[in-house]
Every structure is written in structure tokens, then in C-alpha cells.
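See structure below.
In the numbering used here, the protein residues as written are 5 to 307.
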């Protein structure tokens with residue numbers, strides 16, 4: 005009986021020690037796993053950071069190379085400009101006024117906008133109060149041009165002409181005057197650039213929104229097309245030589261003051277001639293004023 009009791013105690017003690025040993029082993033194993041995961045994660049972060057640093061260094065080196073290349077191109081262009089201006093500055097040739105400066109030919113995707121008079125214009129001829137609402141006006145074309153520039157247009161053409169810094173849109177009646185050329189509707193405005201941004205600019209323009217109201221009411225023509233490829237030809241930067249004011253030499257001024265009677269007689273004769281024969285330029289100005297005045301009476305809207 006005593007042996008059996010002793011064996012029972014030893015069995016319980018051994019099972020208890022075995023349980024404690026298992027728990028300790030499991031705890032040690034978990035701790036080792038946690039330490040291993042932490043070390044691996046730290047090593048991963050360190051490796052990833054090093055890779056990012058190398059990538060940024062490579063990017064900086066690439067950008068530095070591009071900057072150097074562009075700087076070289078700028079220096080070369082400056083040399084060309086200096087050579088061109090130096091050869092013509094003394095003689096005052098066309099190069100000084102930009103007549104020989106060219107806008108390079110461009111090709112790319114873009115947008116074409118077409119505006120046209122209403123087909124109901126002839127029927128409205130007997131209604132002088134609203135007849136101007138059926139035709140395209142200067143501000144309509146200008147609204148399209150301004151919206152396309154605002155939408156990120158890189159280059160633009162109105163009809164068959166490149167838009168230059170000196171381009172001015174003028175309308176006399178329903179005739180478009182552009183760089184001393186006359187055009188009849190329909191009028192087209194084409195622009196190279198991002199189509200979506202230019203379309204958004206057209207939709208958000210208040211002037212275009214008013215024009216679309218006239219499209220619905222009076223039947224004006226309005227068509228917008230996205231084009232995969234537009235080809236713009238090269239063109240001179242300016243079509244006419246600019247004129248600048250100059251100081252009158254002192255000897256010329258003295259001569260003019262010495263003989264005031266001659267100048268007075270010349271001015272009088274010039275004024276008489278001008279009064280007898282009005283210049284051709286007065287007629288378009290008068291027509292333009294009449295056109296503007298008639299536009300202001302169109303349904304109380306400034307279109």
C-alpha cells in the first residue's frame with residue numbers, strides 16, 4: 005500500500021513538471037518567433053529604404069542630365085538670336101520687326117469649332133429689330149478663341165490663318181476681316197492641344213453659354229469636333245512691319261517753327277482734301293459702329 009501511494013505521488017509530480025516544461029517550451033518558442041519576425045521586418049524596412057534612396061539618386065542624376073542638355077540648347081539658341089539681331093540691328097531690316105521670324109509648323113490632336121449664320125436669316129430680313137440675332141458677330145468668334153486659349157490650346161488657326169500675337173478679329177456686318185483678308189461664314193476655329201480640357205473650357209464659358217441660347221432660339225450654327233490630327237503650316241510672326249515713334253531732330257523742328265505759314269497752309273489744304281474725299285478706312289469703321297450698335301439692341305442681350 006505504501007509503495008502504491010508513493011508511486012501515485014511521483015506520477016502526479018512528473019505530470020505537473022511535464023506540463024510546466026511544455027508551457028516553458030511553448031513560451032520560449034513564441035518569444036523566438038516574435039524576435040525573428042521583428043528582425044526580419046527591420047531588415048525589410050532597411051532594405052526598402054535603401055532601394056528608395058538609390059531610386060531617388062538615379063532620378064536626380066537623370067534630371068540633372070536633362071537640365072544640362074536643355075541649358076546647352078538654350079545657350080545655342082541665345083547665340084543664334086544674338087547673331088541674327090547683331091547682323092540686322094545696324095541696318096534696321098525686317099528682322100527687327102519680326103517679319104522674318106517664323107512660327108514653326110505644328111501637328112497634333114485638337115478641337116475644331118464651326119460657327120455659322122442661321123438658315124432663318126433671310127426669313128427674318130423683314131424684322132430689323134432681331135435680324136442681327138441670326139448672324140455671327142465678332143464677339144462670338146472671340147469667345148471661342150478665348151475659351152480655347154483658357155483650355156490650354158498650344159496653337160490656333162482661324163479659317164486658313166495661324167493666330168499670331170498681333171491677330172485681331174474684326175467683323176463688318178457678317179464678314180470677317182482677318183489679316184487684311186475677308187471671309188464669309190461658316191467660320192472655323194481650330195486649336196491643337198488637350199481636347200478634353202478645351203471642351204471643358206468651352207462648356208464653362210459664359211459667353212459660349214449665351215451663344216448656345218441663341219443657337220436654340222434663332223438657329224445659329226454650332227459644331228464642335230475632336231480631331232486626331234491637325235496640321236498647322238508655318239507662318240511669319242508678323243504680317244506687317246511695326247512702326248515706332250521717333251524723336252524729331254532739333255534742326256527739323258527749327259525749320260518747322262521758322263516757317264509756320266507754310267505748315268498752316270499745308271494743314272489747311274490737307275484738311276480740305278480730307279473733307280472733300282473721305283478715306284476708304286472710314287467706311288469700315290462706320291459699318292463696324294453700326295454693327296455694334298445693332299448688336300446692343302438684340303433682345304436686350306450683349307452677344
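Every residue, glycine too, gets a C-beta built ideally from N, C-alpha and C.
This one's a predicted model, so the numbers in the text were calculated from it and none came from an experiment.
What residue range is occupied by the uninterrupted beta strand (DSSP E) comprising residue i?
{"i": "residue 163", "result": "Neither: residue 163 is in no beta strand (DSSP E) and is coded neither H nor E."}
{"i": "residue 235", "result": "225-236"}
{"i": "residue 115", "result": "110-120"}
By alpha-carbon positions, which one of the options ends up nearest to residue i?
{"i": "residue 134", "options": "223, 56, 208 and 173", "result": "223"}
{"i": "residue 229", "options": "221, 217, 206 and 138", "result": "206"}
{"i": "residue 200", "options": "114, 76, 85 and 139", "result": "114"}
{"i": "residue 139", "options": "170, 166 and 189", "result": "189"}
{"i": "residue 191", "options": "180, 63, 184 and 71", "result": "180"}
{"i": "residue 234", "options": "214, 157 and 30", "result": "157"}
{"i": "residue 155", "options": "116, 61, 128 and 203", "result": "203"}
{"i": "residue 193", "options": "58, 149, 57 and 40", "result": "149"}
{"i": "residue 323", "options": "82, 252, 151 and 56", "result": "Since the first residue shown for the chain is 5 and the last is 307, residue 323 is missing from the structure and cannot be characterised."}
{"i": "residue 116", "options": "249, 231 and 252", "result": "231"}
{"i": "residue 198", "options": "112, 137 and 184", "result": "112"}
{"i": "residue 217", "options": "253, 76 and 137", "result": "137"}
{"i": "residue 221", "options": "128, 185, 166 and 249", "result": "128"}
Sorted by chain position, which residues of the same chain lie with C-beta nearer than 6 Å to residue i's C-beta, five sequence neighbours on each side aside?
{"i": "residue 226", "result": "219"}
{"i": "residue 110", "result": "159, 196 and 236"}
{"i": "residue 215", "result": "144"}
{"i": "residue 118", "result": "190, 192 and 227"}
{"i": "residue 270", "result": "Below a pLDDT of 50, predicted positions are generally treated as unreliable, and residue 270, at 43, falls in that range; the measurement from the model is reported next regardless. Taken in chain order, the list of residues that qualify is empty."}
{"i": "residue 120", "result": "189, 190 and 225"}
{"i": "residue 153", "result": "none"}
{"i": "residue 187", "result": "163 and 180"}
{"i": "residue 257", "result": "In this prediction, residue 257 has a pLDDT of 48, which is less than 50 and means its spatial position is unreliable; what the coordinates show is noted afterwards. Correct list: empty, nothing qualifies."}
Can you give me the start and stop residues for the alpha helix (DSSP H) that residue i sits inside?
{"i": "residue 212", "result": "210-222"}
{"i": "residue 144", "result": "142-154"}
Using a Cβ-Cβ cutoff of less than 7 Å, which residues in the same chain neighbour residue i once the five nearest sequence positions on both sides are dropped?
{"i": "residue 262", "result": "Confidence in residue 262 is poor, its pLDDT being 47 and thus under 50, which makes the residue's placement unreliable; the coordinate value appears in the next sentence. None."}
{"i": "residue 40", "result": "none"}
{"i": "residue 238", "result": "106, 107, 108 and 109"}
{"i": "residue 282", "result": "Only weak support is given to the placement of residue 282: the predicted model assigns it a pLDDT of 37, under 50, and the value that follows is read from those uncertain coordinates. Within the same chain, residue 282 has no close Cβ partners at all."}
Which residues in the same chain have their Cβ closer than 8 Å to the Cβ of residue i, if we skip the five residues on either side of it in sequence?
{"i": "residue 285", "result": "Because the pLDDT of residue 285 is 37, which lies under 50, any placement of that residue in the model is unreliable, and the number read from its coordinates should be weighed accordingly. Result list for residue 285: empty, nothing under 8 Å."}
{"i": "residue 23", "result": "none"}
{"i": "residue 26", "result": "none"}
{"i": "residue 212", "result": "147, 148, 151 and 206"}
{"i": "residue 82", "result": "none"}
{"i": "residue 171", "result": "162, 165, 182 and 183"}
{"i": "residue 67", "result": "none"}
Are there three or more Cβ pairs, one per stretch, closer than 8 Å when the segment 165-176 is compared with the segment 141-154?
yes
Quick check on the DSSP output: what are the complete beta strand (DSSP E) runs of length 3 or more inside the segment 158-208, in order along the chain?
159-162, 174-176, 179-182, 185-187 and 191-196
For the segment 152-172 against the segment 118-136, are there 3 or more C-beta pairs whose distance is under 8 Å?
no
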